[in-house]
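In what follows, a single structure is set out as structure tokens and then discussed.
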Amino acid sequence: MRPDASPSLPPSSAHAPSASASASAFPPAAPPDSLVARLRAAGCVFAEDEARLLVATARAPAELAAMTERRVSGLPLEHVLGWAEFAGLRIAVDTGVFVPRRRTEFLVRCAVALAPAPPAAPVVLDLCCGTGAVGAAVLDALGGRGVLHAADVDPAAVRCARRNLDGLGGHVHEGDLFDALPGSLRGRIDILAANVPYVPTGDIPLLPPEARDHEPRTALDGGPDGLALLRRVAAAALPWLSPTATLLTETTPHQAPAATHLLTACGYTSRTITDDDLEATVVTATPASRS
Ligand SMILES: C[S@@+](CC[C@H](N)C(=O)[O-])C[C@H]1O[C@@H](n2cnc3c(N)ncnc32)[C@H](O)[C@@H]1O
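Here is the structure:
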């Protein structure tokens with residue numbers, strides 16, 4: 499589990515143990531102490547919570563044993579479970595796909611706050627979608643009021659996003675940034691949520707092993723200053739945006755001034771919003787011709 503989020507059971511947990519289960523029944527009423535100890539010894543900071551999630555997700559003792567092995571070998575908890583909780587939703591997370599971070603829920607909240615008011619049905623694009631968690635959460639928070647598109651260059655991410663978004667009526671596209679999109683979206687996107695990779699190349703060796711070793715480099719590497727992808731998005735987005743659109747991207751406090759500067763240079767009015775609880779920084783941009 500990532501350091502920015504202690505794990506918690508999602509509302510849709512399927513295998514909650516019964517309080518009346520006998521000692522030999524599966525799942526057990528509480529995670530065995532031996533499991534907690536094993537996870538703790540492997541360096542899992544939230545060992546009790548992780549044990550609870552493993553027990554609640556495994557369907558049989560053999561599966562719990564296999565999941566535990568994968569976790570203690572260093573695989574991110576979300577890849578072991580096959581899902582992550584994000585903004586109250588249970589999001590499928592396939593091995594090799596970026597794990598949605600708790601801090602990104604702030605990007606979702608900002609997007610929802612800036613979406614056109616009802617009865618409009620905003621066109622939402624989750625660009626660089628990974629699992630599609632951001633798009634799913636925005637659509638959910640809008641009460642389904644909206645048309646969702648998502649795109650990613652990584653075929654594994656696209657497959658995973660389809661698992662999460664097909665049932666919501668989302669449209670998932672594969673390709674490099676806007677090249678992935680149907681031309682019919684030009685000029686129609688109201689909310690462009692782009693959680694692009696933003697780790698400076700030189701900082702990748704400093705990431706926790708769970709990210710460094712188990713998430714694809716394309717999901718992390720933002721080029722020399724971490725802003726290479728955002729630069730490309732900013733340069734290409736305007737023709738795709740509706741006149742009242744907002745582009746939102748997550749960044750670090752350190753990168754935010756350069757991010758707003760590059761967006762301003764590309765013809766946007768940009769500002770930075772932060773959330774102390776989630777330690778999240780979001781940069782928003784609207785076409786400057788609108789102001
Ligand atoms: C930081 S992850 C964010 C994933 C997801 N939006 C989230 O917040 O959980 C960045 C994603 O961008 C994708 N990506 C990287 N370069 C891309 C490109 N040129 N075009 C489209 N997607 C790209 C990666 O495959 C990865 O899924």
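Each residue of the sequence shown is one higher than the last, beginning at 499 in our numbering. Where a beta carbon is used, it is the ideal one built from N, C-alpha and C, also for glycine. Model, not experiment: these values are computed from the prediction.
Checking the 6 Å criterion, the Cβ of residue 639 is out of range of every heavy atom belonging to ligand 1.
For residue 608 and residue 660, the gap between their C-alpha atoms comes out near 24 Å.
Taking one beta carbon from each stretch, the stretch 577-587 and the stretch 716-736 have fewer than 3 pairs nearer than 8 Å; the two do not touch. With fewer than 16 other CB atoms across the displayed protein chains lying within 10 angstroms of its CB, residue 557 is exposed. Cβ-Cβ separation between residue 783 and residue 770: approximately 10 Å, too far for a contact (criterion under 8 Å). Excluding residues up to 5 positions away in sequence, 570 lie with their Cβ nearer than 6 Å to the Cβ of residue 540 in the same chain. The residues 529, 533, 534 and 537, in chain order, have a CB closer than 7 Å to that of residue 549 in the same chain once the five nearest residues on each side in sequence are set aside. Burial state of residue 630 is buried, judged by a 10 Å Cβ sphere holding 16 or more other Cβ atoms. Counting the other CB atoms within 10 Å of its CB gives residue 777 a total below 16, which places it among the exposed residues. Of all alpha-carbon atoms in 604, 735, 553 and 616, the one lying nearest the alpha-carbon of residue 526 is that of 553. Membership of residue 726 in the alpha helix (DSSP H) is indicated by the continuous run 726-735. Annotation: residue 666 to residue 567 spans about 34 Å, alpha carbon to alpha carbon.
Judged by DSSP secondary structure, residue 773 falls outside any alpha helix (DSSP H) and instead within the beta strand (DSSP E) spanning 766-773. Proximity of the stretch 641-651 to the stretch 570-579 falls short of the contact definition, fewer than three beta-carbon pairs being nearer than 8 Å. Not one heavy atom of ligand 1 is found less than 6 Å from the C-beta of residue 580. The residue from 728, 735 and 725 with its alpha-carbon nearest to that of residue 689 is 735.
Per DSSP, the beta bridge partners of residue 783 are 745 and 768.
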